[in-house]
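J.:
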Amino acid sequence: MASPDRWWPSRYGADDELGTLNEITPAKVVAAARLVRTGTIHDLGRTLHANVPRFEGRFWHQTLVSSGHFINARRSRGGSGWGGNHLNWITELVTGTFQIGTQLDGLNHLQIGDQFYNGWRARDIVEEWGTSKLGIE
């Protein structure tokens, strides 16, 4: 379904896939860097767990499926690790919707009806593997 109000093409042109990223210039990057006063780092990450806040229908589950510490101890030669460096590892199995927690979304993330940024239609850019335009490459 098309939007009743025509909001495309963008001011950057009918083929634009960057949006306001077009506004970032080397001079603006330098100007932004000059705004730094303290160097304070703000952690924007979030620990993912089964009860992390999320939209309905989304989930997250992580299971530890193997640990070299246990596997190496059961080997016939035993020991504290594999090889001369005593290598160990942890392997996990993750199932869930990766659209929870901290993330970056491209202009291909939201649509109005069947139209993406700059008027691209879903039928023209959506593939089984993702979208052919508007990604964060």
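For the record, in the sequence shown the residue sitting at position 115 is 115 according to UniProt numbering, with numbers rising by one throughout. Where a beta carbon is used, it is the ideal one built from N, C-alpha and C, also for glycine.
1. Could you check if leucine 93 is buried or exposed, using at least 16 other CB atoms within 10 Å of its CB as the buried criterion?
2. Which term fits leucine 134, buried or exposed, when burial requires 16 or more other beta carbons within 10 angstroms of its beta carbon?
3. Taking the alpha-carbon of glutamine 103 as reference, which of Asn22, Arg6 and Leu48 has the nearest alpha-carbon?
4. Do the CB positions of leucine 87 and glycine 81 come within less than 7 Å of each other?
5. Which of the three DSSP states, helix, strand or coil, is assigned to glutamate 17?
6. For residue 153, is the classification buried or exposed, using 16 other Cβ atoms within 10 angstroms of its Cβ as the cut-off for buried?
7. Since valine 94 is in the beta strand (DSSP E), which residue starts that stretch and which ends it?
8. Would you identify the three-state DSSP class for isoleucine 24, choosing helix, strand or coil?
9. Measuring alpha carbon to alpha carbon, tell me which of Ile100, Trp8 and Thr38 ends up nearest asparagine 51.
10. Taking DSSP as the reference, what is the three-state secondary structure of valine 52?
11. Between serine 67 and the rest of its own chain, which residues show a CB-CB distance below 8 Å, the 5 nearest in sequence each way excluded?
12. Express the C-alpha separation of isoleucine 136 and arginine 46 in angstroms, rounding to a whole number.
T.: Result, derived from the coordinates:
1. Exposed, by the Cβ-count rule.
2. buried
3. Leu48
4. In this structure, leucine 87 lies near glycine 81, with their beta-carbon atoms less than 7 Å apart.
5. coil
6. Not covered by the structure: residue 153. The range shown for the chain is 1 to 137.
7. 90-96
8. coil
9. With distances taken between Cα atoms, asparagine 51 lies closest to Ile100.
10. coil
11. Cβ neighbours of serine 67 within its own chain (closer than 8 Å, five residues either side excluded): Asn88, Trp89, Ile90 and Thr91.
12. 21 Å
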